[in-house]
Amino acid sequence: MSIISDILSKISDFVWGWPMASLLLATGLFLTLRTLFIQVRGFAHGVGIASGKYDDPAYAGQLTHFQALSAALSATIGIGNIAGVAIAIYWGGPGAIFWMWVTAFFGMAIKFTECMLATLYRKIDPDGNVRGGPMYYIELGMGKAFKPLAWFFAFCTSIAAFGAGNMVQSNTMAHSLLGVLNISPDHAALLRWVVGIVVATLAGSVIIGGIKRIGQVASYLVPVMSVVYVVSALIVIFLNADQIIPSFKLIFYHAFHPTAVVGGAAGGATVWMTFTWGLRRGLFSNEAGQGSAAMAHSTAKVNEPVREGLVAMLGPFIDTIVICSMTALVIITTGQWANGETGAVLTMSSFDHALPMYGRWMVVVGVMLFAFSTVIAWSYYGEKGVEYIGGTKAKLPYKWLYIIFTLLGARFDLKAVWSYADTANGLMAVPNLIALLALSGGAVALTRKYLNERKQGLHPPFK
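Residue 273 is where the sequence shown starts when you use the numbering used here, and the numbers rise one by one after that.
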């Protein structure tokens, strides 16, 4: 297993080399400038749309704006917010958090564009089911000649779901429980099986119900779990209030200077390591540029694609700038960031340092809720990918295979699972970013048209 883990790690490092980093940031910067900082000037309107002011049940689609946002957030608010942030700090030092913020800011413009295009180019079956996502705006927006690129994206999505979607989640659930329970190695193996079986069973009961059930569950689960985690983190941060300003200084300083002492790198982290690990974990957390959220947002009941783009861009802000920052500040303000631990165990020890005995269980509960929400949402993404390739007949077998790998993921090596997930995420992003750049002209024109019409009072709230 160690050989496989090392191979996957090397592949992941290759995929996330400077070309990918450059493409992701360049696309975000390009779309930010072309949309005239839509993530700033459209933020308040996006909040208003998500609140339900523009919901019309007569519009085509399957989910309300809030349900679509919740379904997308249930995939993004996951292990990346708890374990992923800790891994970024472990390998890249505190400065990695700065680059996660940068990824999120430019990612808001990316997510706005991809989700708007997904809504514009979606297909709606006679029975009302929606088919949308990057594979459709690649095929319909760029032309039939680019269908192989659409197929490649769909294929990468279907295999990425087995990494970011289920195996990372069930694996980290088991890893977190092992971090708080003092049990023998023999019992640890049994615990991993139990976690896998329970998660697979509960997730399967939701997954088989399709996107409507996923949206309904997510609309209740996401707000509750987000508020509970943020409040818990704020308690720890304010218990170490004297370290808040020094922590921000560490983040900004080490974003541009090497970190001498980190747990993951002998001799410390170079600026390049800090940059790439912040970028990796930022994308893993908020999924901007990956194209996954576009599949959830394409199902929204909406008649103006720009509206759904404005709702979608709230995702990276909530996920990374709010929730990931909470985790980072807990780890840094408690002084645990260089203690040699990584993943959810590092986050756990940081909470426990401030709140002995109780802190670790706060993290365990957060891990369970966040991971479960991701498992159910990513099943839909993978299903849409395999449906594009093999048709509707491929959906049910894929769902069952996904549930099985949710169980098995709890047993696999942690490093191998994360490396596989990083590689698959990066491969998904390449065709999607190419499509966003190619279709940006039409997206910008549509955005300008909608915002100008809104100034003229042509798009009043429905409620």
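Ideal placement from N, C-alpha and C gives every residue a C-beta, glycine not left out.
Supposed contact pair residue j and residue i - C-beta distance, whole angstroms, cut 8 Å
| i | j | result |
| --- | --- | --- |
| A332 | R553 | The Cβ separation is near 36 Å, so there is no contact. |
| S564 | Y653 | 5 Å |
| I603 | L618 | 6 Å |
| L711 | Y409 | 6 Å |
| V452 | M620 | 7 Å |
| F384 | M585 | 4 Å |
| F623 | G631 | 3 Å |
| F425 | N704 | 6 Å |
| F309 | A322 | Going by Cβ atoms, the distance from F309 to A322 rounds to 19 Å, so no, they are not a contact pair. |
| G413 | Y692 | At roughly 30 Å, the Cβ-Cβ gap does not stay under 8 Å, so G413 and Y692 are not in contact. |
| A696 | S277 | 15 Å between Cβ atoms; not a contact. |
| G638 | Y501 | 5 Å |
| L335 | D591 | At roughly 19 Å, the Cβ-Cβ gap does not stay under 8 Å, so L335 and D591 are not in contact. |
| N523 | F370 | Looking at the sequence itself, residue 523 is Ile, so the reference to Asn does not match. That pair is a contact at about 5 Å. |
| A666 | I382 | No, A666 and I382 are not in contact; Cβ-Cβ is about 29 Å, not under 8 Å. |
| A626 | T606 | 6 Å |
| T444 | A616 | 5 Å |
Burial state of residue i (16 or more Cβ within 10 Å)
| i | result |
| --- | --- |
| A538 | Only weak support exists for where A538 lies, its pLDDT of 49 falling under 50; the value from the coordinates is given anyway. Exposed, because fewer than 16 other Cβ atoms sit within 10 Å of the Cβ of A538. |
| N724 | exposed |
| H529 | exposed |
| W549 | buried |
| D327 | buried |
| A298 | exposed |
| Q728 | exposed |
| I480 | exposed |
| N454 | exposed |
| V503 | exposed |
| P487 | Residue identity check: residue 487 is Gly in the sequence provided, not Pro. Buried: at least 16 other Cβ atoms inside 10 Å. |
| V494 | buried |
| P588 | buried |
| F416 | Reading off the sequence, residue 416 comes out as Lys, not Phe. It counts as exposed. |
| G663 | exposed |
| D399 | exposed |
| A490 | buried |
| A513 | exposed |
| V736 | There is simply no residue 736 to check, as the chain begins at 273 and stops at 735 in what is shown. |
| V473 | Here the sequence assigns Thr to residue 473, which means Val is not the residue at that position. The residue is exposed, with fewer than 16 neighbouring Cβ atoms inside 10 Å. |
| V499 | exposed |
| V496 | exposed |
| A316 | exposed |
| A433 | buried |
| P291 | exposed |
| A422 | buried |
| R313 | exposed |
| L506 | exposed |
| G324 | exposed |
| F286 | exposed |
| G356 | buried |
| I279 | exposed |
| S342 | buried |
| P577 | buried |
| G681 | buried |
Opposing strand residues paired with residue i [DSSP bridges]
| i | result |
| --- | --- |
| R272 | Shown here, the chain extends from 273 to 735; a query on residue 272 therefore has no answer. |
| V402 | I396 |
| A436 | Beta-bridge pairing links A436 to no other residue. |
| L301 | Per DSSP, none; premise fails for L301. |
| L586 | Its beta-bridge partners do not exist; DSSP assigns none. |
| L335 | A572 |
The alpha helix (DSSP H) enclosing residue i, as first and last residue numbers
| i | result |
| --- | --- |
| N724 | 712 to 727 |
| F520 | 516 to 526 |
| L493 | 482 to 511 |
| M634 | 631 to 662 |
| P669 | 667 to 681 |
| L601 | 597 to 605 |
| Y362 | 357 to 364 |
| A417 | From DSSP, A417 is part of no alpha helix (DSSP H); its letter is neither H nor E. |
| Q608 | Q608 -> no alpha helix (DSSP H), and no H or E assigned at all. |
| S622 | 615 to 626 |
| Q311 | 310 to 313 |
Min CB distance residue i to chain B below 9 Å
| i | result |
| --- | --- |
| T719 | Considering every chain present, this structure includes no chain B. It has just one protein chain. |
Checklist entry - Counting pairs of Cβ atoms below 8 Å between the region 643 to 652 and the region 360 to 377, do you hit three or more? => result Too few Cβ pairs lie closer than 8 Å, so no.
Checklist entry - Given 8 Å as the limit, is there contact between the region 458 to 477 and the region 701 to 721, that is, 3 or more CB pairs closer than that? => result With the rule of 3 Cβ pairs closer than 8 Å, the region 458 to 477 does not count as touching the region 701 to 721.
Checklist entry - Does the count of Cβ pairs from the region 655 to 674 and the region 405 to 423 closer than 8 Å reach three? => result Enough Cβ pairs lie closer than 8 Å, so yes.
Item to check | Validate contact between the region 671 to 681 and the region 516 to 526 using beta carbons, cut 8 Å, 3 pairs | outcome: Counting Cβ pairs under 8 Å, fewer than three are found: no touch.
Checklist entry - Does the pairing of the region 342 to 361 with the region 431 to 445 give three or more beta-carbon distances under 8 Å? => result The region 342 to 361 vs the region 431 to 445: in contact.
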